[in-house]
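Some notes on the structure that comes next.
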Amino acid sequence: MVDPDHPDWEVSARLRANARVLRRNSTDAERILWSELRGGRLNGATFRRQVPIENYIADFVCHMAKLVIELDGGQHFSDEGERADAHRSTVIEARGFKVLRFSNLDVMTNRGGVLETIATTVAERAPTPALPRKREREQTVSVEKKQP
1 MVDPDHPDWE
11 VSARLRANAR
21 VLRRNSTDAE
31 RILWSELRGG
41 RLNGATFRRQ
51 VPIENYIADF
61 VCHMAKLVIE
71 LDGGQHFSDE
81 GERADAHRST
91 VIEARGFKVL
101 RFSNLDVMTN
111 RGGVLETIAT
121 TVAERAPTPA
131 LPRKREREQT
141 VSVEKKQP
């Protein structure tokens, strides 16, 4: 779907197909984190997974908080991988998102800490929902019932 106000957000068919493949073939760490994020399980925040942004596919996105979560395997910790990740983060952040990166090992061994970091960031970045306003009580006219 193309947003008419932002036509440059159009997603190519190739990128969309790649995102679908990644959803079907997620890593163990992605499945574990998704089980904690899906369906508003993390303080009601809504996340999507494998979302195309520019020419990249972000692992998890919370649009409400403009937050991207990336899970990194071992290949990301080489010099070349770190440079590529820095460029990727720069491109995504140019769209107004904040990028949080965690290693797969973090998710597997420190799930609570990862979730706490995500929850704190969502709370800082998400707009506070407006409290419902009290309605003025409508003036009611008392109607007397006739007794039979």
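Following the UniProt record's numbering, the numbering of the sequence shown begins with 1 at its first residue and continues without gaps.
C-beta atoms are modelled at their ideal positions from N, C-alpha and C, and glycine is treated no differently.
Here the structure is a predicted model, which is why all the values come from computation and not from measurement.
- Of all C-beta pairs linking the segment 88 to 102 to the segment 10 to 17, fewer than three are shorter than 8 Å, placing the two stretches out of contact.
- The beta carbons of Ala-126 and Ala-58 sit no closer together than 8 Å.
- For Ala-58, the enclosing beta strand (DSSP E) has its first and last residue at 56 to 62.
- Contact between Asn-104 and Leu-71 holds, with the beta-carbon distance rounding to 6 Å and staying under 8 Å.
- For Pro-52, the beta-bridge partners assigned by DSSP are Ile-57.
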